[in-house]
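Just so we're aligned, residue 5 is where the sequence shown starts under my numbering, counting upward by one. In this text, a Cβ means the ideal position worked out from N, Cα and C, and glycines have one as well. A quick write-up on the structure given underneath.
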Amino acid sequence: MSDYKAFRVELKDKIAHVVINRPEKLNAMNADFWTEIIDIFRWADETDEVRVVVLSGAGAHFSSGIDVAMLAQTATKFGADAARNADLMRRQILKLQASFTAVDECRKPVLAAIQGYCLGGGIDLITACDMRYATVDAKLSIREVDMGLAADVGTLQRLPRIIGDGLARELAYTGCDISGEEARSMGLVNRTYADYDALIAGVFEIARVIASKSPVAVRGSKRMLSYMRDHSIADGLDYVATWNAAMLQSADLRVAMTAFMSKQKPEFAD
5 MSDYKAFRVE LKDKIAHVVI NRPEKLNAMN ADFWTEIIDI FRWADETDEV RVVVLSGAGA
65 HFSSGIDVAM LAQTATKFGA DAARNADLMR RQILKLQASF TAVDECRKPV LAAIQGYCLG
125 GGIDLITACD MRYATVDAKL SIREVDMGLA ADVGTLQRLP RIIGDGLARE LAYTGCDISG
185 EEARSMGLVN RTYADYDALI AGVFEIARVI ASKSPVAVRG SKRMLSYMRD HSIADGLDYV
245 ATWNAAMLQS ADLRVAMTAF MSKQKPEFAD
């Protein structure tokens, strides 16, 4: 694996563990973070050995959001012309969006393990993941409204599809903190755990189950679920028929059926 400044990446037993590794800065998202995350998830997408990704934060917190120092640095590039400033800012926002789109579009399932702070950009990041899990006392918040701006890196686009429009609006308008347990009750996280150790153990157990399944079937399931966010049921049914016309010819189907009939655990190729 490459050496990263903002992350630590490990691959073991088909599971890639991607760790935001700036604990001394509460895992704030600096310039290195935004470029490295694209490279990491491109690697996860293209590496056949990777079946599933677990995303976590080192230390006491998942992430405190975008590094304020990075935002201040962008402001220093402004000139006198409003149009040129706007063009600069728009390109910067689109670059940040692309970093989390890389997470969203990774063909492998991405599981977020959240402890401590998950603020601002942290919410943008976890909403780009497939599933989210948290400690009961985690603190989650859409903080952008308190900074005088609208969240612009994915939260307002993805969160309503996860928890519904009304709850998403309440969180976005108020900037209020919610606990991990409150996040579970509204469907933002799937499960909660008593502490960090239990969280990591629980999330990796789920990841191991996913990693044991047919990678063709898991990848196809993710593709269909993602496709349905923006299409009608009729479109989805037509698409999955076309997809499975090819994928049902996979050797994985024969392996799964043989294992089922012989009551053995199937072993699937990468």
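Beta-carbon proximity list for residue i, same chain, < 7 Å, skipping 5 on both sides
i	result
A260	S218, P270
K81	L92
R100	For the sequence presented, residue 100 should be read as Leu rather than Arg. Contacts found: W38, V157.
T131	G158, T159, R162, L163, I166
A211	I19, V56, V58, L115
M232	G240
N194	M135, R136, Y137
L171	M190
C133	L59, V107, V114, L115, A116
Y200	Q119, T139
Classification of residue i by the beta-carbon crowding that lies within 10 angstroms, buried from 16 upward
i	result
M265	exposed
I237	exposed
G120	buried
I118	buried
E50	exposed
A155	buried
A116	buried
L203	buried
D256	buried
D124	In the sequence as presented, Asp is not what sits at residue 124; that position holds Gly. It is buried - the Cβ of G124 has at least 16 other Cβ atoms within 10 Å.
E40	buried
T139	buried
L129	buried
A352	Missing from the structure shown is residue 352; the chain here goes from 5 to 274 and no further.
K9	exposed
V213	exposed
I97	exposed
G126	buried
G83	exposed
G184	buried
Residues near residue i in its chain [Cβ-Cβ closer than 6 Å; skip 5 each side]
i	result
G206	Y197
A87	none
L175	I146
A64	G120
K143	Y121, D181
Coil, strand or helix - residue i by DSSP
i	result
M232	coil
I19	strand
F11	strand
Cβ neighbours of residue i in the same chain (closer than 8 Å, five flanking residues each side left out)
i	result
R94	none
G179	S145, I146, R147, E148, V149, D150
R111	D49, R223, K226, R227
R26	A10, A32, N34, F37, A62
T248	Looking at the sequence itself, residue 248 is Asn, so the reference to Thr does not match. Once the five neighbours on either side are set aside, the close Cβ partners of N248 are G224.
H235	Y243
Legend entry - Meets three-Cβ-pair contact criterion under 8 Å: the region 182 to 192 and the region 160 to 171: Yes, since at least three Cβ pairs between the region 182 to 192 and the region 160 to 171 fall closer than 8 Å, the two stretches touch.
Legend entry - Ranges of the alpha helix (DSSP H) found wholly within the region 114 to 195, counting only runs of at least 4: The qualifying runs are 125 to 131, 159 to 167, 169 to 178, 184 to 189.
Inset, instruction - Return the chain-ordered ranges of every beta strand (DSSP E) run that is complete within the region 36 to 110 and spans a minimum of 3 residues. - result: Every beta strand (DSSP E) of 3 residues or more that sits fully in the region 36 to 110 is shown, in chain order, as 56 to 61.
Inset, instruction - Kindly confirm or deny that the region 64 to 71 and the region 18 to 38 touch, where touching means at least three C-beta pairs closer than 8 Å. - result: In short, these stretches touch, since the Cβ pair count reaches three.
Legend entry - contact_flag[the region 14 to 22, the region 53 to 63] where n(CB pairs < 8 Å) is 3 or more: Yes, since at least three Cβ pairs between the region 14 to 22 and the region 53 to 63 fall closer than 8 Å, the two stretches touch.
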